[in-house]
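S.K.: Pasting in a structure now, in structure tokens, and then I'll have a few things to ask.
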Amino acid sequence: MASGQWRALAEQFQLICPSGGAPGVGSPGALPGLASCGHWVNVAGLQGWVQALLDQGIPSFRCPRCPESPWLWQELCKLGLFTDEARARLEAQILVQEGATGSYRQCPRCQRLVQRLEPGPLRTPCLPCSQQARRLYCFCWGCGRDWPDTSPHADPRCPLQAALHDAPKIQAPPSSLHGCPSLRACPRCYALLSHTLQGYPSVICPECHCVFCYRCLGLSGGHRLPCQIADRQLVCGREAVTLLPMGAQ
Ligand SMILES: [Zn+2]
Ligand SMILES: [Zn+2]
Ligand SMILES: [Zn+2]
Ligand SMILES: [Zn+2]
Ligand SMILES: [Zn+2]
Numbered sequence: 057m058a059s060g061q062w063r064a065l066a067e068q069f070q071l072i073c074p075s076g077g078a079p080g081v082g083s084p085g086a087l088p089g090l091a092s093c094g095h096w097v098n099v100a101g102l103q104g105w106v107q108a109l110l111d112q113g114i115p116s117f118r119c120p121r122c123p124e125s126p127w128l129w130q131e132l133c134k135l136g137l138f139t140d141e142a143r144a145r146l147e148a149q150i151l152v153q154e155g156a157t158g159s160y161r162q163c164p165r166c167q168r169l170v171q172r173l174e175p176g177p178l179r180t181p182c183l184p185c186s187q188q189a190r191r192l193y194c195f196c197w198g199c200g201r202d203w204p205d206t207s208p209h210a211d212p213r214c215p216l217q218a219a220l221h222d223a224p225k226i227q228a229p230p231s232s233l234h235g236c237p238s239l240r241a242c243p244r245c246y247a248l249l250s251h252t253l254q255g256y257p258s259v260i261c262p263e264c265h266c267v268f269c270y271r272c273l274g275l276s277g278g279h280r281l282p283c284q285i286a287d288r289q290l291v292c293g294r295e296a297v298t299l300l301p302m303g304a305q
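Each residue of the sequence shown is one higher than the one before, counting from 57 in my numbering.
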């Protein structure tokens with residue numbers, strides 16, 4: 057969305073307090089909240105604004121006054137004082153957006169969403185759970201399991217899992233790879249690779265040299281298109297990678 061549209065939408069919901077200034081200068085009765093970028097937000101307009109963006113398929117938020125400043129979802133929830141019901145409804149809407157897969161995770165304890173914009177440590181704090189517990193509560197960005205204290209996390213595959221989960225889908229409509237995750241793990245040795253989008257869907261793993269289909273993850277043999285695109289792989293946690301025999305379709 058262009059920055060002009062971004063501003064216009066914010067004006068429609070009277071999102072930013074006049075002159076971006078301190079509380080008291082907004083419209084009467086407007087409850088202002090201070091965003092992380094230093095601008096005051098009219099909290100009354102926040103929910104409608106978020107809803108309008110989600111309706112347009114935009115699952116991430118930034119300050120209309122300083123568009124380079126992201127507003128993380130958990131920050132908006134804190135500012136917006138959404139009811140549990142409104143929050144759950146908005147979060148359900150975020151979760152179905154393809155553009156949100158890489159930057160959101162659901163807290164395993166409270167089921168609320170946590171957003172992050174850059175790859176970072178796997179140990180991810182949940183604000184509401186930390187407030188409730190009165191101490192830092194975290195979970196793993198990779199496997200989505202509890203990670204309450206600073207002890208090392210058990211599963212060495214979690215960074216791999218995080219990368220696989222965060223990879224966007226390939227957008228290349230004429231290609232047979234369209235809709236596949238842009239990152240795959242070799243179904244045999246878990247080496248990460250992505251498709252060049254040239255040639256056939258089958259790829260050779262640079263590590264173990266097995267041949268598999270980038271679409272369905274089936275290992276070599278007689279293979280015919282169209283096969284079913286396998287979803288993002290699960291390589292850690294409760295479920296293991298599904299190995300489909302090639303040519304089984
Ligand atoms: Zn700002
Ligand atoms: Zn939580
Ligand atoms: Zn983990
Ligand atoms: Zn391999
Ligand atoms: Zn296949």
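Glycine residues also receive a C-beta, built at the ideal position from the N, C-alpha and C atoms.
Please report the residue range of the beta strand (DSSP E) in which L90 lies.
M.R.: For the purposes of this step, residue 90 is taken as the residue at position 34 of the sequence shown. It spans 88 to 90 - the beta strand (DSSP E) in which L90 sits, taken as one unbroken run.
S.K.: Mark P212 as exposed unless 16 or more other C-beta atoms lie within 10 angstroms of its C-beta, in which case mark it buried.
M.R.: One-based indexing of the sequence shown puts residue 212 at position 156. It counts as exposed.
S.K.: Please return the same chain residues whose Cβ sits closer than 7 Å to the Cβ of V173, not counting the five positions on each side in sequence.
M.R.: Here residue 173 refers to the residue found at position 117 when the sequence shown is read from its first residue. A small fix is needed here, since residue 173 is Leu in this sequence, not Val. P126, S159, listed in sequence order.
S.K.: Check whether the Cβ of C264 lies closer than 8 Å to any heavy atom of ligand 2, and answer yes or no.
M.R.: Counting from 1 along the sequence shown, the entry for residue 264 is found at position 208. No, the beta carbon of C264 sits no closer than 8 Å to any heavy atom of ligand 2.
S.K.: Output the distance between the C-alpha atoms of R191 and P282, rounded to the nearest integer angstrom.
M.R.: For the purposes of this step, residue 191 is taken as residue 135 along the sequence shown, with counting starting at 1. For the purposes of this step, residue 282 is taken as residue 226 along the sequence shown, with counting starting at 1. Whole-angstrom Cα-Cα distance: 51 Å.
S.K.: Can you name the start and end residues of the beta strand (DSSP E) that V97 belongs to?
M.R.: Locating residue 97 in the sequence shown gives position 41, where the first residue counts as 1. Segment 96 to 98, the beta strand (DSSP E) holding V97.
S.K.: Report all residues from its chain with a CB closer than 7 Å to the CB of Q149; omit the five preceding and five following residues, and keep chain order.
M.R.: The residue you call residue 149 lines up with position 93 of the sequence shown. Only L110 meet the Cβ criterion.
S.K.: Answer yes or no: the CB of H209 versus the heavy atoms of ligand 3, is any distance below 8 Å?
M.R.: For the purposes of this step, residue 209 is identified with residue 153 of the sequence shown, where counting begins at 1. H209 Cβ: within cutoff of ligand 3.
S.K.: Going by the CB atoms, is the gap between V106 and C73 shorter than 9 Å?
M.R.: Counting from one through the sequence shown, the residue named residue 73 turns up at place 17. Counting from one through the sequence shown, the residue named residue 106 turns up at place 50. The answer is no: Cβ separation not under 9 Å.
S.K.: Apply the 10 Å Cβ neighbour rule to Q68 and answer buried if 16 or more other Cβ atoms are within range, or exposed otherwise.
M.R.: Locating residue 68 in the sequence shown gives position 12, where the first residue counts as 1. With fewer than 16 Cβ atoms within 10 Å of its Cβ, Q68 is classed as exposed.
S.K.: Since T182 contacts F195 with CB under 8 Å, what's their CB separation in whole angstroms?
M.R.: Walking along the sequence shown from the start, residue 182 turns up at place 126. Walking along the sequence shown from the start, residue 195 turns up at place 139. According to the sequence as given, residue 182 is Cys; it is not Thr. Contact holds; Cβ gap of about 6 Å.
S.K.: By Cβ distance below 7 Å, which residues in the same chain neighbour G80 in space, the five residues on each side in sequence not counted?
M.R.: The residue you call residue 80 lines up with position 24 of the sequence shown. Confidence at G80 is low in this model, with a pLDDT of 48, below 50, so the placement of that residue should be treated as unreliable; the coordinate-derived value is given next. Result list for G80: empty, nothing under 7 Å.
S.K.: Compute every distance between the C-beta of P224 and the non-hydrogen atoms of ligand 2, then say whether any falls below 8 Å.
M.R.: In the sequence shown, counting from the first residue as 1, residue 224 sits at position 168. Flag unset: Cβ of P224 not near ligand 2.
S.K.: Based on the DSSP secondary-structure assignment, which residues constitute the bridge partners of C73?
M.R.: As a working mapping, residue 73 is identified with position 17 in the sequence shown. Per DSSP, none; premise fails for C73.
S.K.: Closer than 6 Å is what we want: which residues have a beta carbon that near any heavy atom of ligand 2? List them in chain order.
M.R.: Cβ-based neighbours of ligand 2 within the cut-off: C163, R165, C166, R168, C182, P184, C185.
S.K.: Within 10 angstroms of its Cβ, does D222 collect 16 or more other Cβ (buried), or is it exposed?
M.R.: Residue mapping note: residue 222 aligns to position 166 of the sequence shown, counting from 1. Label assigned to D222: buried.
S.K.: Given a cut-off of 9 Å, decide if E131 and S92 are closer than it, judged by their beta-carbon atoms.
M.R.: For the purposes of this step, residue 92 is identified with residue 36 of the sequence shown, where counting begins at 1. For the purposes of this step, residue 131 is identified with residue 75 of the sequence shown, where counting begins at 1. Yes, the pair counts as a contact, with Cβ atoms nearer than the cut-off.
S.K.: Cβ of C73 within 8 Å of any heavy atom in ligand 1?
M.R.: Residue 73 sits at position 17 when you count from the first residue of the sequence shown. C73: no, Cβ never under 8 Å from ligand 1.
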